[in-house]
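Notes to accompany the following structure.
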Amino acid sequence: MESIFTLLHIVIAIVNSSSGQEITCSLHGEHAYPQLWKDGNIIIGGIFPFHKRWEITDSSYSVIPTINCMSVDVRAFQYSQTLIFAIEEINNSSSLLPGVSLGFKIFDTCNSAALGVKGAMTLLNGNENSVSDQICTKPAQVQAIIGETYSSVSMAIAKSIGPFSVPLISYYSTCECLSDKRKYPSFLRTIPSDYYQSRALAEMVKHFGWTWVGAIRRDDDYGNNGMAAFTNIAEQLGICLEYSLPFFRTYSQEKVLRIVEQIKSSTSRVIVGFVTPWDLEILLQVFSEHNITGYQWVGSEAWIADLIAATLDKSNILQGAIGLAIPKATVTGLKDFILDIKPLKAVGSAIFAELWEALFTCTHTVQNSSENIPACTGEEKLSEVENDFIDMSLMPIFSNVYKGVYAIAHTLHELLGCKQTCPVKKQPDPNTFLEHLRKVRFKTKEGEEVYFDKNGDPLARYEVINWQKSKEHQYEFVTVGLYDSSFPAEDRLAVNMASIVWAQNLNQVPKSICSESCPPGTRKAVQKGKPICCFDCIPCADGEISNMSDSIKCEQCQQDYWSNPDKDKCVKKEIEYLSYEETMGILLTAVSITGAVMTILIGIIFFRYKNTPIVKANNSELSFLLLFSLTLCFLCSLTFIGRPSDWSCMLRHTAFGITFVLCISCVLGKTIVVLMAFRATLPGSNVMKWFGPPQQRLSVLVFTLIQVLICVLWLMISPPFPFRNLLHYKEKIILECSLGSNIGFWAVLGYIGLLALLCFILAFLARKLPDNFNEAKFITFSMLMFCAVWITFIPAYVSSPGKFTVAVEIFAILASSFGLLFCIFLPKCYIIILKPEKNTKKQIMGK
């Protein structure tokens, strides 16, 4: 609706043309002329929203509509006073633009983009009643324009005047979109962009540990673009928005109630507000009606340091609010100048009268006297009333207007080549002026450095403001921190946590998260269909850890490490092998040594009674060799205990193989001798000449050398070696001896088995030979036990894990050795020691 009047202008012009009338471009109504003005050599334009809203009257389309501006905004008058103050200060300066007088023309936008564009075009082209070719090609009427407050209006103005290269310097429009120089080539500002504000707000929210927040944004370019930037940065920092609700003060009651219901049903306890004080006025009223309190508000610079917004909160809804504000600033003499509004009266009596009526609730017109409104005397004093005009809480914004005017003055001073005086008093070319304005750099009288970056934006600095109640139950804006974009990322935000008072007057940071933090040892798993801030905590798998809170994944431990029970640290894997220090190793060592000692004792007994019939009858030479080999068998089991090394791995299997073959060879020799001895008793048999002591020794040597050869080949081709088995157990390392060549191992074992089987068969055949003490029968029992042990050893060896594999092998060695020792020698010792009367040739020969 607000642009209808512009369309009607075109329609009327077309009608006039068709009726033969001369075409003229006319500026209609009071908006064609500035509200405040002053002549000068060079004019600076100003565009301010002196009114908060507007309405169109007579929209019948039969006449040109009229826009009526309503509800005076005293803030805009403060801004305009700042512009006038800066110009007056420059005109009175002897060092800046000496000899040049600056003038101004200030227009009212009524918070309307259409009126803002109209005012800007008037500042560029003048307010003549007709347009000629000469007027169309003349320079702009103003050097630059200061304005506007709202980003939407500034966007419309900047896009309109951009092709003319006339700068628009805004003091309050923060939309990030205005930094796009392709769309807005002549736009600059003295207030930081929302890009920096959005980033600072997101970093502040992250700093306080809030990852689950809601947002309310003004439904215009300022709110939508600012919230879009905040959302983008928040996602990068791991912050999720439960909701982002648009709001405008003209929304219907139904829309507002939907917003209220969504906030009440939410679980987040933090609300980020990209709104203005006028939006808050309605929101606070609705929140109060629905008792929506206890939320932690995070505010943008548009309202967080605005005293009007603070006075609107009657229900402590915004108590503890925290946000970013333009740093405090002081412009010497500005406060007294603003409060002395006589300059306003001098340059614009009509708008001054309207302001005066708003400030003192009086009237200048006789028609309103019947409404019991006192008449304005003109002698009223601002010091005697309390109103928004005397509030200086927006001094930082006033300073932005001040810096904008001085940026123009310093650029003019440089371009005009001013020294003692300025030689030329006409305004420079717009393109040249804009180029130099972007590069201007100066310090204010308070020492603040002013300059623009490549996007026309100033350096971003903010104060962190906290709303705290005073003893008088009034809100105070307490500075609790600083944000400076020029610092490194980790140092930009500095906050004094101890000085903050949070929502509901708490001293502890409120919690606003979708899911509780995942402790070390777990990882986050996003809940299906929900934002990444809503997650479950899944324990890390075995062998994986997470050593910090809220890990998104678990890290795999290195090969030699394993996760501890809490899954928050990798610890060295336990190295497992059969050692001498553990119980099993001690027992097996004791049994092994016991067996060797027993074998030696039996050898001593046999040596002591070597001349007795029972020792002689059992082939004493082979018996002593067998006892020696059994001693070695018992002792070789000790090589299987202890930490595996290169030498122990090679020794344990070769020593075991050779000693057992030596042992079985002796038993086999004894068995053959027994068989051949009874064969020799047959008439005409001389078989014993082939099985005398030399032949027995040779047979033992040959059988043993075959095993030695197998072992040598094994060691030469692929010997056993220490091996770290990481596969059998994930949580520990088995230190074992790898066989190297499996064929070599099974060849050694198979050869022992072959000899044992042959010995068993021969002893079994001789088990019923006629003597009182049948040697073959005891050999049969010993070989039966030997074979039974090693047959059961094979599956046990294959299936036993870790150190138990070694224990099984040692057990088989000891069991088979004890079997041979007990079965062959124990009966003889029994006779020798306990039954000496049976140790006679007669008893042994029998019948």
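Under mature numbering (1 follows the signal peptide of the UniProt record, and there is no 0), read the sequence shown as residues -20 to -1, 1 to 827, first letter to last.
Yeah, the Cβ is synthetic: ideal placement off N, Cα and C, and Gly gets one too.
Whole-number beta carbon distance between residue j and residue i, since they are thought to touch under 8 Å
i	j	result
Phe144	Leu104	6 Å
Val641	Ile732	6 Å
Gly189	Val489	7 Å
Cys220	Thr247	No, Cys220 and Thr247 are not in contact; Cβ-Cβ is about 11 Å, not under 8 Å.
Phe620	Ile493	Not a contact, Cβ separation roughly 58 Å.
Ile239	Phe227	6 Å
Spatially closest choice to residue i from the options, by CA coordinates
i	options	result
His453	Leu181, Ser159, Leu800 and Asn296	Asn296
Asn352	Thr341, Lys361 and Leu417	Thr341
Cys537	Ser526, Cys550, Gly274 and Pro545	Cys550
Trp447	Val146, Glu817, Leu298 and Val97	Leu298
Ser529	Tyr541, Lys547, Ser543 and Gln539	Lys547
Leu158	Ser178, Asp201 and Val185	Asp201
Lys449	Phe457, Ala195 and Lys161	Phe457
Ser81	Gln123, Cys717, Ile638 and Ser497	Gln123
Phe467	Glu281, Lys308, Arg441 and Val682	Arg441
Ile27	Ile594, Ile67, Pro45 and Leu148	Leu148
Phe243	Ile23, Tyr223 and Asn71	First, the residue type needs correcting, since residue 243 is Ile and not Phe in the sequence shown. The option with the nearest alpha carbon to Ile243 is Tyr223.
His31	Phe317, Asn91 and Thr569	Asn91
Asn212	Leu314, Ala182, Gln265 and Ile493	Ala182
residue 845	Tyr382, Gln216 and Lys552	This structure cannot settle anything about residue 845, because the visible part of the chain is limited to -20 through 827.
Ser698	Ile638, Ala94 and Met630	Met630
Cys803	Ile582, Leu681, Gly637 and Leu693	Ile582
Leu414	Phe758, Gln61, Ser796 and Phe167	Phe167
Phe267	Val236, Thr256, Cys534 and Arg249	Val236
Asp53	Leu217, Leu95, Leu339 and Val278	Leu339
Asn544	Phe744, Pro519, Pro624 and Val769	Pro519
Enclosing beta strand (DSSP E) for residue i [first to last residue]
i	result
Ser543	Tyr541 to Ser543
Ala124	Ala124 to Ile126
Thr619	Premise fails: Thr619 is in no beta strand (DSSP E) and is neither H nor E.
Tyr431	Glu429 to Tyr431
Ala56	Element bounds for Ala56: not the beta strand (DSSP E) but the alpha helix (DSSP H), Val54 to Asn71.
Trp192	Trp192 to Arg198
Gly253	Val250 to Phe254
Unbroken alpha helix (DSSP H) run spanning residue i, endpoints
i	result
Phe798	Lys783 to Leu800
Tyr202	Asp201 to Gln216
Glu415	Pro410 to Lys419
Gln242	Gln233 to Lys244
Gln299	Element bounds for Gln299: n/a, residue is neither H nor E.
Trp277	Premise fails: Trp277 lies in the beta strand (DSSP E), Gln276 to Gly279, not in any alpha helix (DSSP H).
Glu261	Pro257 to Glu269
Gly565	Thr563 to Arg588
Arg179	Asp174 to His187
DSSP state of residue i mapped onto helix, strand, coil
i	result
Tyr223	strand
Tyr557	coil
Lys815	coil
Ser6	Per-residue confidence for Ser6 stands at a pLDDT of 45, beneath the threshold of 50, marking its modelled position as unreliable; no derived number is given.
Lys294	coil
Pro807	helix
Val146	coil
Thr820	coil
Ser140	helix
Cys550	strand
Lys308	coil
Ile272	coil
Phe167	strand
Arg229	coil
Lys596	helix
Gln675	helix
Ser531	coil
Met630	helix
At 4 residues or longer, what runs of the alpha helix (DSSP H) sit wholly inside the region 316 to 404?
322 to 327, 329 to 340 and 375 to 395
3-residue-minimum beta strand (DSSP E) runs that sit fully inside the region 435 to 516, ordered along the chain: 441 to 449, 455 to 464, 473 to 475 and 502 to 506
Length at least 3, wholly inside the region 682 to 734: the beta strand (DSSP E) runs in chain order: 701 to 705 and 712 to 718
Along the chain, which unbroken stretches of the beta strand (DSSP E) at least 3 residues long are found entirely within the region 73 to 103? 82 to 88
- Query: Which ranges would you report for the beta strand (DSSP E) in the region 18 to 49 if only whole runs of at least 3 residues count?
  - Reply: 22 to 28 and 31 to 37
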